[in-house]
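The structure appears below as structure tokens.
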Amino acid sequence: MKRFAFGTNFTIFILFFGVALLDALQTQNWLRVVFWAAVASAFLWADAKKD
Numbered sequence: 000m001k002r003f004a005f006g007t008n009f010t011i012f013i014l015f016f017g018v019a020l021l022d023a024l025q026t027q028n029w030l031r032v033v034f035w036a037a038v039a040s041a042f043l044w045a046d047a048k049k050d
């Protein structure tokens with residue numbers, strides 16, 4: 000079983016998508032919240048699959 004390791008890509012992901020998701024939550028634009036959550040999930044999945 001492989002362990003998921005957080006790297007530089009994860010830090011960039013947190014900074015960029017964290018700010019975007021907070022903005023979407025503050026404006027209560029729920030379609031934007033769903034969009035950013037889906038993109039965030041795709042990036043995390045791609046980062047986990049890259050090895």
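Under numbering that gives the first Met the number 0, the sequence shown is numbered contiguously, ending at residue 50. Every residue gets a Cβ at the ideal spot worked out from N, C-alpha and C, and that includes glycine.
For residue i versus residue j, is the C-beta distance shorter than 8 Å?
i: TRP29; j: PHE16; result: no
i: LEU32; j: LEU43; result: The residue you asked about is not Leu; residue 32 is Val in the sequence shown. In this structure, LEU43 does not lie closer than 8 Å to VAL32 by Cβ.
i: PHE12; j: ALA39; result: yes
Kindly indicate which three-state DSSP category residue i falls into: helix, strand or coil?
i: PHE5; result: coil
i: GLN27; result: coil
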